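Position in the sequence shown (first residue = 1) + 6 = the working numbering. For every residue, glycine included, the Cβ atom is placed at its ideal position computed from N, Cα and C. All figures in this text were calculated on a predicted structure; none of them were measured in a lab.
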Amino acid sequence: MKLLIATICLGFPFLSLVSQPKENKLNVLDRKTYELSIQKNPNKELINLGKKIPGITLDIKYATPDNFTKQVIYKEAKAFARKPVADALARAELEFLQLGYSIKIFDAYRPYAATVKFFEIVGDTRYVASPKNGSRHNKGCAIDLTLVDQKTKKELIMPTEYDSFRKEAWAEASVSDPEILKNRTTLIQVLSKYGFRVNKTEWWHYDYLDCAGFEVLDIPFEELE
Ligand SMILES: [Zn+2]
């Protein structure tokens with residue numbers, strides 16, 4: 007801004023055109039720019055989690071109307087994450103299997119267009135990510151998940167249902183039922199060993215911490231394979 011004022015004061019109004027402060031515009035990659043990015047850094051590839059970790063269960067809520075928007079957001083019920091995130095999740099699954107559990111995924115990489123849609127529907131950044139910044143889901147660096155019994159595939163009992171906006175959904179909310187407490191603690195503790203941190207207000211949401219340099223992406227699932 008100082009530069010702008012200076013150029014006007016100095017009587018070079020044409021210079022003010024180039025020195026105006028730029029708006030902080032979000033860098034969103036489409037399929038073409040994403041493909042160029044993975045040529046430079048193969049770790050940026052989005053990996054199909056259902057194929058990489060065959061034992062896991064997919065219950066992709068946004069591919070059904072059974073989600074907080076009551077609308078079908080995704081055309082396909084698939085889950086993707088960047089390569090290091092997928093590798094870490096595969097290692098966590100091995101540990102869960104030893105405990106008699108297995109991972110069930112509700113959501114993983116989320117195309118940026120879906121985040122824009124959520125914001126149009128809800129319009130409150132306390133509940134959905136602002137499209138201004140995008141989210142870690144948009145970067146392929148966050149997973150929403152729970153645990154199922156390895157044999158029956160029945161969900162373990164947790165403090166709330168998925169995507170609950172209630173206070174009981176907070177990761178540190180007090181829980182009186184010892185079984186629920188044990189389930190939530192197991193989920194949080196095992197995932198933290200593999201580089202995931204639970205979201206403060208959502209027991210099911212895990213950010214992979216080592217995601218520096220991964221851009222927001224806007225590629226629908228059907229264009230990824
Ligand atoms: Zn999430």
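| Asked | Found |
| --- | --- |
| Taking Cβ to Cβ, would you say Tyr115 is nearer than 7 Å to Leu52? | yes |
| Of the choices Arg37, Pro137, Ile163, Gly61, whose alpha-carbon is the least far from that of Ile186? | Ile163 |
| Within 10 angstroms of the Cβ of Lys38, are there 16 or more other Cβ atoms? Answer buried if so, exposed if not. | exposed |
| Is Tyr80 helix, strand or coil when you go by DSSP? | coil |
| Please confirm if the segment 66-76 is in contact with the segment 193-205, defined as three or more CB-CB distances below 8 Å between the two stretches. | no |
| Is Asp72 near ligand 1 - that is, is its Cβ less than 6 Å away from at least one heavy atom of it? | no |
| Return helix, strand or coil for Val134, following the three-state DSSP convention. | coil |
| Any heavy atom of ligand 1 closer than 6 Å to the beta-carbon of Ala114? | no |
| If you draw a straight line from the C-alpha of Leu32 to the C-alpha of Leu223, how long is it? | 11 Å |
| Given this structure, state the Cα-to-Cα distance separating Leu105 from Asn189, to the nearest angstrom. | 11 Å |
| How would the residue list near ligand 1 read, in chain order, if you kept each one whose beta-carbon is closer than 5 Å to any heavy atom? | Asp150, His211 |
| Just how far apart, CA to CA, sit Asp1 and Phe227? | With the chain covering 7 to 231 only, the question about residue 1 has no answer from this structure. |
| Answer with buried or exposed for Asn47, where buried requires no fewer than 16 other C-beta atoms within 10 angstroms of its C-beta. | exposed |
| Rounded to the nearest angstrom, how far is the Cβ of Val154 from that of Tyr107, given a contact under 8 Å? | 7 Å |
| Have a look at Leu151 and Pro60 and give me their C-alpha separation to the nearest angstrom. | 16 Å |
| Roughly how many angstroms lie between the CA atoms of Asn139 and Leu42, to the nearest whole one? | 22 Å |
| Under three-state DSSP, which class holds Glu161? | strand |
| CA-CA distance, Gln45 and Pro137? | 27 Å |
| Measure the CB-CB distance between Lys123 and Thr63 and report whether it falls below 7 Å. | no |
| Can you give me the Cβ contacts of Val78 inside the same chain, cut-off strictly under 7 Å, excluding the 5 residues immediately before and after it? | Ala69, Thr70, Pro71 |
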